[in-house]
Amino acid sequence: MGHDPPVLNGSGTGALTRRVYIADDHEGYRSGVARLVAEHPALEVVGQAADGEQALAGIVECQPDVALLDVRMPGMNGIEVCRRLQAEGTAPNVRIVLITGTPDPVLSTQAAEAGAVALLGKETPPNTIAAQLLAAAEGRVGWSVE
Amino acid sequence: MSAAPGDVAGALLEALLPGSGIGVAVHDEHLRVLVISPSLAELSGTRPGEQIGRRLTEVLPGEVGEVAEASLRAVAASRRPLLRLEPAVEAGRERGWLIHVYPLEYGGRELVAVIALDVTESRRAHEHLQQTRERLDTAQRMARVGSWSWDVTGDRWHWSEELYRIAGLPPTAPPPDFRALLRAIPPEHRDAFREITSRALRDGRPYEIRFPVLLPDGGRRILRGRGVPVRGEGGAVERIHGFAQDVTELARAESQQRAAAALGQLALSGVTLEVLMREAADAVATELGLDFVGVVAPVEEGAAFEVRALSSGGTPFAGRSGVRIDADSLTAQVLRTGETLIVPDWDRERRLPRAPMADTLGIRSSAAVIIGTREAPLAVLSGHSAAPGRVGAEDAAFMAAVANVIASASRRLKSEAEVAAGSEARGRLVALALDAEDRARRGISEALHDGPLQDLLALGHDVERLRPAGEGDEAHLSRVRDGLARAIRQIREVMLDLHPVQLQVGGLQSALQAICAQQAAAAGYTCAVEIEPAAAGRRDELVMSLARELLRNAGKHARAGEVLVRVALEDGALRLDVIDDGVGIPPERLGEALGEGHIGLASSRERAEAIGGSFRVGPRDDERPGTQAVAILP
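Protein sequence lines, in the order shown, are assigned to chains A and B. The first sequence stops at residue 370 when you use the working numbering, and every number in between is there. The second sequence stops at residue 988 when you use the working numbering, and every number in between is there.
In structure tokens, the structure reads:
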């Protein structure tokens with residue numbers, strides 16, 4: 225997965241493009257999300273990962289504005305990646321949004337405790353996901369579960 | 355006919371006609387008939403005139419005359435009277451005459467007089483009485499019943515012959531009075547005997563009592579006595595008639611039966627074979643009054659023997675192993691043949707070599723029976739006495755009964771052990787099978803999650819990107835979206851049924867809540883989950899599996915309104931409680947359910963027990979209506 229530096233968006237408005245890192249072990253879902261992020265005018269994909277270990281290293285390296293992490297991934301799950309980043313302080317400005325195929329209230333609590341700003345269900349519509357990522361990147365998201 | 359036919363004596367003599375029952379005769383110094391009454395003459399089928407001046411040998415034919423004259427000669431010589439009973443046959447009827455021959459001095463002459471008395475009737479009566487007595491005596495002897503009567507007023511006792519025999523007294527001895535009788539009764543039984551007799555004298559009612567008596571030869575018998583008081587004209591008891599039956603054998607049989615039954619009960623109570631053998635040896639020693647009783651078992655194909663139990667007059671002492679027993683010994687012989695062996699007297703024994711213990715312990719008689727069968731011998735039970743002839747067939751019969759109890763107990767213990775081992779193995783297999791099933795469920799669930807579910811979710815995003823190109827496309831897209839959402843929901847349901855993937859990320863709390871929510875929605879109850887934080891992460895998979903089964907039961911059978919799932923630590927072990935407020939479960943229902951093929955609860959138990967835990971289902975601990983299932987998982 226490639227990592228790109230943060231850049232100004234191509235709309236010419238001068239607004240910052242928010243840098244997004246995506247981690248999901250399901251290639252189809254991950255590429256779908258990457259596509260919708262890439263197509264969003266205020267977002268760009270700066271890196272992708274297919275497991276937790278890779279995601280942890282990539283996020284530290286890319287220092288994105290926001291990371292969308294699948295909860296269930298091989299090796300290290302999304303919540304654990306979130307905890308590690310919080311504990312290690314290696315990406316202090318990254319906002320973490322977790323996403324899961326099996327949302328439930330306990331998971332939400334655990335996600336919040338781990339330091340994530342949101343937990344989304346994977347059936348969340350693409351536009352909503354993009355909006356949540358942007359809001360998270362801009363620090364406008366408190367805590368929500370979709 | 356007579357010396358002076360005209361005088362009074364002559365007339366009297368003449369009057370003694372045949373059939374009068376009395377006959378007289380006088381013989382001279384030469385034993386010739388001087389005078390004879392017609393009644394006596396008729397005995398030899400003659401008339402008096404035909405006998406006067408003749409000797410009996412001349413009148414009576416053959417041996418009869420010889421014998422009769424020998425009596426006269428003996429009296430003439432000894433001048434001492436002689437009394438004899440003379441059988442005779444008259445007109446085809448057997449008759450008896452009492453003949454009294456005595457010396458008679460008359461006019462300086464030494465004569466011999468004969469007076470004969472017809473005692474046919476009295477003899478018959480006597481014989482009848484005698485026969486009746488003999489029959490009674492025989493009956494009493496056969497039944498071992500002796501009769502007695504006590505003339506209370508005169509304090510006179512009468513005992514039947516059999517009662518003498520039972521009491522071990524010579525029949526010629528005077529019957530013992532009440533005091534002597536009391537002395538023959540062991541002291542601890544005297545009060546009861548005294549009391550029942552006093553009461554009978556007081557109230558005149560029949561009574562019955564069983565009591566032991568000590569015989570003069572040191573023996574002991576158990577008697578069953580019955581007394582029937584008879585009141586005199588004044589109303590007071592003047593006499594008691596009664597009988598006493600020797601019930602020693604009966605009492606012994608009853609006691610042995612009780613002892614065998616007690617051993618049977620003991621065997622069923624779950625004691626070890628060792629304890630049972632020891633108790634059996636004691637019981638045999640006590641019941642049969644033997645000096646030594648032993649249980650000897652072969653060790654490894656009979657190469658050596660082990661004394662499993664030993665009792666000396668009821669006092670057990672420890673067993674020894676590795677005892678050497680000769681191949682031709684009593685024990686070895688019984689093991690070889692499977693037959694009961696009795697040695698009435700070791701001093702006269704020819705079949706078996708003299709046992710060493712016969713000398714060391716002073717044993718004279720023995721019996722030995724096999725425990726088990728010849729094909730599968732378990733041990734040999736032997737009993738020994740220091741008295742010759744003391745151990746007999748009856749003792750061996752009781753020993754065989756005891757041996758049977760031990761053999762059955764051994765068979766039962768063996769089959770119980772086999773069943774327990776089988777059950778344990780089955781339990782392990784069930785637990786392994788269920789664990790494997792859990793793994794398979796988890797595998798399928800994860801595969802569903804990581805594969806089809808993610809595919810559908812991604813597909814959902816792709817569908818969202820589609821824009822309707824023509825008329826009707828929006829409706830198509832809407833159906834596709836609905837279909838996708840339905841498929842995603844169904845896959846999630848199936849995953850929860852199989853194995854909640856939440857466990858891997860969200861842990862026990864997340865997984866249990868997911869299951870609870872699913873089951874509660876399906877069965878229409880509300881469900882709460884309480885998990886002590888320290889209890890999570892220990893046996894999450896098993897806890898979840900058990901909880902799912904119990905939650906399903908709460909919905910299907912208990913008709914619960916509220917269910918609580920609680921996971922906590924208790925004494926270092928994990929405790930899972932699933933408590934509902936439903937209709938409860940009768941204890942017998944658990945067994946029935948298993949019989950009907952509902953293995954849910956039974957398999958839950960197997961799984962808990964397979965890891966050394968426990969599982970129970972029953973009324974709630976707080977005694978409120980409903981059911982409480984508790985699994986303790988170490």
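Ideal Cβ positions, reconstructed from N, Cα and C, are used throughout, including at glycine. From a predicted model like this one, the values you see are computed outputs, not experimental measurements.
Give a yes or no on whether the C-beta atoms belonging to residue i and residue j are separated by under 8 angstroms.
{"i": "Val-932 (chain B)", "j": "Leu-905 (chain B)", "result": "yes"}
{"i": "Gly-419 (chain B)", "j": "Ser-393 (chain B)", "result": "no"}
{"i": "Tyr-253 (chain A)", "j": "Pro-288 (chain A)", "result": "no"}
{"i": "Ile-563 (chain B)", "j": "Ala-546 (chain B)", "result": "yes"}
{"i": "Val-688 (chain B)", "j": "Ile-724 (chain B)", "result": "yes"}
{"i": "Val-921 (chain B)", "j": "Leu-930 (chain B)", "result": "yes"}
{"i": "Ile-550 (chain B)", "j": "Tyr-561 (chain B)", "result": "yes"}
{"i": "Met-452 (chain B)", "j": "Leu-439 (chain B)", "result": "This sequence places Leu at residue 452 (chain B); Met is not what is there. Closer than 8 angstroms, so yes."}
{"i": "Leu-987 (chain B)", "j": "Ala-901 (chain B)", "result": "no"}
{"i": "Lys-346 (chain A)", "j": "Ile-323 (chain A)", "result": "yes"}
{"i": "Glu-587 (chain B)", "j": "Val-506 (chain B)", "result": "no"}
{"i": "Gly-596 (chain B)", "j": "Gly-579 (chain B)", "result": "yes"}
{"i": "Ala-651 (chain B)", "j": "Ala-733 (chain B)", "result": "yes"}
{"i": "Ile-303 (chain A)", "j": "Val-295 (chain A)", "result": "yes"}
Tell me, please, whether the CB atom of residue i is closer than 8 angstroms to any CB atom in chain A?
{"i": "His-830 (chain B)", "result": "no"}
{"i": "Val-921 (chain B)", "result": "no"}
{"i": "Val-859 (chain B)", "result": "yes"}
{"i": "Asp-836 (chain B)", "result": "no"}
{"i": "Ala-875 (chain B)", "result": "no"}
{"i": "Ile-798 (chain B)", "result": "no"}
{"i": "Arg-840 (chain B)", "result": "no"}
{"i": "Gly-972 (chain B)", "result": "no"}
{"i": "Glu-791 (chain B)", "result": "no"}
{"i": "Ala-812 (chain B)", "result": "yes"}
{"i": "Pro-764 (chain B)", "result": "Looking at the sequence shown, residue 764 (chain B) is not Pro but Ser. Answer no: the Cβ-Cβ gap between Ser-764 (chain B) and chain A never drops below 8 angstroms."}
Taking only the alpha-carbon atoms, compute the straight-line gap between residue i and residue j and give it to the nearest angstrom.
{"i": "Asn-351 (chain A)", "j": "Asp-816 (chain B)", "result": "12 angstroms"}
{"i": "Thr-669 (chain B)", "j": "Asp-645 (chain B)", "result": "Because Thr-669 (chain B) sits at a pLDDT of 49, beneath the cut-off of 50, its placement in the model cannot be relied upon, and the following sentence gives the value as read from the coordinates. When rounded, the distance between both Cα atoms is 10 angstroms."}
{"i": "Gly-692 (chain B)", "j": "Val-567 (chain B)", "result": "39 angstroms"}
{"i": "Ser-398 (chain B)", "j": "Gly-364 (chain B)", "result": "21 angstroms"}
{"i": "Ala-663 (chain B)", "j": "Arg-702 (chain B)", "result": "28 angstroms"}
{"i": "Glu-800 (chain B)", "j": "Glu-285 (chain A)", "result": "31 angstroms"}
{"i": "Ala-812 (chain B)", "j": "Glu-268 (chain A)", "result": "19 angstroms"}
{"i": "Ala-890 (chain B)", "j": "Gln-863 (chain B)", "result": "8 angstroms"}
{"i": "Val-647 (chain B)", "j": "Arg-544 (chain B)", "result": "33 angstroms"}
{"i": "Thr-612 (chain B)", "j": "Glu-641 (chain B)", "result": "Checking the sequence, you will find Arg at residue 612 (chain B) rather than Thr. Spanning the two alpha carbons is a distance of roughly 10 angstroms."}
{"i": "Glu-396 (chain B)", "j": "Gly-373 (chain B)", "result": "9 angstroms"}
{"i": "Ala-785 (chain B)", "j": "Glu-628 (chain B)", "result": "35 angstroms"}
{"i": "Leu-483 (chain B)", "j": "Pro-525 (chain B)", "result": "19 angstroms"}
{"i": "Phe-671 (chain B)", "j": "Trp-700 (chain B)", "result": "Its pLDDT being 48, under 50, Phe-671 (chain B) is placed unreliably by the model, and the measurement read from it follows with that caveat. Cα-Cα distance, rounded: 24 angstroms."}
{"i": "Glu-312 (chain A)", "j": "Gln-982 (chain B)", "result": "46 angstroms"}
Using alpha carbons as the reference points, say which of the options lies closest to residue i.
{"i": "Gly-589 (chain B)", "options": "B:Ala-613, B:Arg-846, B:Asp-557, B:Glu-603", "result": "B:Asp-557"}
{"i": "Pro-457 (chain B)", "options": "B:Ala-470, B:Leu-436, B:Glu-542, B:Ser-476", "result": "B:Leu-436"}
{"i": "Ala-871 (chain B)", "options": "B:Gln-610, B:Asp-836, B:Gly-909", "result": "B:Gly-909"}
{"i": "Thr-184 (chain A)", "options": "A:Val-261, A:Val-257, A:Asp-249", "result": "Residue coverage of chain A in this structure runs from 225 to 370, which leaves residue 184 (chain A) outside it and unanswerable."}
{"i": "Val-499 (chain B)", "options": "B:Glu-800, B:Asp-600, B:Gly-972", "result": "B:Asp-600"}
{"i": "Ser-744 (chain B)", "options": "B:Val-756, B:Ile-539, B:Arg-728, B:Ala-639", "result": "It should be noted that the sequence gives Arg, not Ser, for residue 744 (chain B). That would be B:Ala-639, whose Cα lies nearest to the Cα of Arg-744 (chain B)."}
{"i": "Ala-299 (chain A)", "options": "A:Glu-277, A:Ile-283, A:Arg-308", "result": "The question names Ala, yet the displayed sequence has Gly at residue 299 (chain A). When each option's Cα is compared against that of Gly-299 (chain A), the closest is A:Glu-277."}
{"i": "Asp-894 (chain B)", "options": "B:Glu-481, B:Leu-414, B:Arg-793", "result": "B:Arg-793"}
Does the CB of residue i have a neighbour CB from chain B at under 8 angstroms?
{"i": "Pro-316 (chain A)", "result": "no"}
{"i": "Gln-278 (chain A)", "result": "no"}
{"i": "Leu-260 (chain A)", "result": "yes"}
{"i": "Gly-339 (chain A)", "result": "no"}
{"i": "Ile-303 (chain A)", "result": "yes"}
{"i": "Gln-334 (chain A)", "result": "yes"}
{"i": "Pro-442 (chain A)", "result": "Residue 442 (chain A) cannot be examined here, being either before or after the span of chain A that is shown, 225 to 370."}
{"i": "Ala-355 (chain A)", "result": "no"}
{"i": "Gly-299 (chain A)", "result": "no"}
{"i": "Arg-308 (chain A)", "result": "no"}
{"i": "Gly-313 (chain A)", "result": "no"}
{"i": "Gly-256 (chain A)", "result": "yes"}
Who are the neighbours of residue i on chain C, taking C-beta pairs under 8 angstroms?
{"i": "Gln-856 (chain B)", "result": "The structure shown has no chain C; the protein chains it does contain are A and B."}
Segments assigned alpha helix (DSSP H), at least 4 residues, entirely inside the stretch 395–478 of chain B: 410–413, 416–432
Alpha helix (DSSP H) segments (min. 4 residues) lying fully within the stretch 618–652 of chain B: 627–642
Runs of alpha helix (DSSP H) lying entirely within the stretch 668–753 of chain B, each at least 4 residues, in chain order: 684–691, 710–714
Unbroken stretches of the beta strand (DSSP E), 3 residues or longer, contained in the stretch 490–560 of chain B: 499–505, 510–513
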